[in-house]
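Visitor: Going by the numbering used here, the first residue of the sequence shown is number 1065, and it counts up by one from there.
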Amino acid sequence: MSLRPRLLSPLRYKASSTPYWTSVTPKRVRSEWSDDEKPLVFVIIPHFNMGEYRHRTIDSVLASTYSKIEIIVVDDCSTDRHSQSVLDSIGKSSSRVDIHIVRCLANIGLSAARNFGIRKARVKYILTIDVEDMVINDFVEVGVNALEKNTNILS
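Dropping the structure here:
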């Protein structure tokens, strides 16, 4: 028996050029409630000088299969003009979802901006996502269904 270590060959892996979630067909989740009975979910999105990503993030939330969503975009004193114009256009846009723009008086940082938005939301369920995040269209509905069915995890 030889005690020499075996040489390992390098792992060969070629990454795909498209994200995996673009090829996944989401399953339709059946909700047990009518639209009036559904709990409201606030989506908190802190923002600082990342206007080029904002529309993609908000569009992924707007594509949600869950209908009772409101979005709070917390502007952490963005300084670039592009971010400010994107926020202004979002505030004026009309959609099925209410979008609130909350502006901080000073740059307080990502965590504090997120917490500032959370304090503005007085609801049972809050989802926080960052500017570069996207959610699949049944993400909120699956989450709310799971939390409503398993009330013991909310304690």
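Each residue gets a CB set at the ideal place from its N, CA and C atoms; glycine is no exception.
Excluding the 5 residues flanking valine 1138 on each side, which residues of the same chain have their C-beta closer than 6 Å to its C-beta?
Guide: One-based indexing of the sequence shown puts residue 1138 at position 74. Within the same chain, valine 1138 has close Cβ partners Pro1110, Val1166, Ala1177, Phe1180, Gly1181.
Visitor: With DSSP as the reference, label isoleucine 1193 as helix, strand or coil.
Guide: As a position in the sequence shown, residue 1193 is number 129, starting the count at 1. Here isoleucine 1193 sits in coil by DSSP.
Visitor: Going by DSSP, name the residue or residues bridged to arginine 1167.
Guide: Position 103 of the sequence shown holds residue 1167. Looking at the DSSP assignment, arginine 1167 forms a beta bridge with Asp1139.
Visitor: Tell me the residue span of the alpha helix (DSSP H) that contains leucine 1203.
Guide: Start at 1 with the first residue of the sequence shown, and residue 1203 comes out as number 139. Looking at the sequence itself, residue 1203 is phenylalanine, so the reference to leucine does not match. Phenylalanine 1203 -> alpha helix (DSSP H) spans 1203-1213.
Visitor: Could you pull the start and end residues of the beta strand (DSSP E) that valine 1107 belongs to?
Guide: One-based indexing of the sequence shown puts residue 1107 at position 43. Residues 1105-1111.
Visitor: Do arginine 1118 and valine 1195 have their CB atoms nearer than 8 Å?
Guide: The residue you call residue 1118 lines up with position 54 of the sequence shown. The residue you call residue 1195 lines up with position 131 of the sequence shown. Their beta carbons are under 8 Å apart, which means arginine 1118 touches valine 1195 by this criterion.
Visitor: Among all the DSSP beta bridges, which residues are the ones paired with aspartate 1162?
Guide: Within the sequence shown, numbered from 1, the residue matching residue 1162 stands at position 98. Note: aspartate 1162 sits in a beta bridge opposite Glu1134.
Visitor: By alpha-carbon positions, which one of Asp1162, Ala1210, Val1187 ends up nearest to isoleucine 1122?
Guide: On the sequence shown, position 58 is the one that residue 1122 refers to. Checked all of Asp1162, Ala1210, Val1187; the closest Cα to isoleucine 1122 is Asp1162.
Visitor: What does a CB cutoff of less than 6 Å around phenylalanine 1112 pick up in its chain, not counting 5 residues either side in sequence?
Guide: Walking along the sequence shown from the start, residue 1112 turns up at place 48. Cβ neighbours of phenylalanine 1112 beyond the five flanking positions: Asp1140, Ser1142.
Visitor: May I have the straight-line CA-CA distance separating tyrosine 1130 from glycine 1173, to the nearest angstrom?
Guide: Against the sequence shown, residue 1130 aligns to sequence position 66. Against the sequence shown, residue 1173 aligns to sequence position 109. Whole-angstrom Cα-Cα distance: 30 Å.
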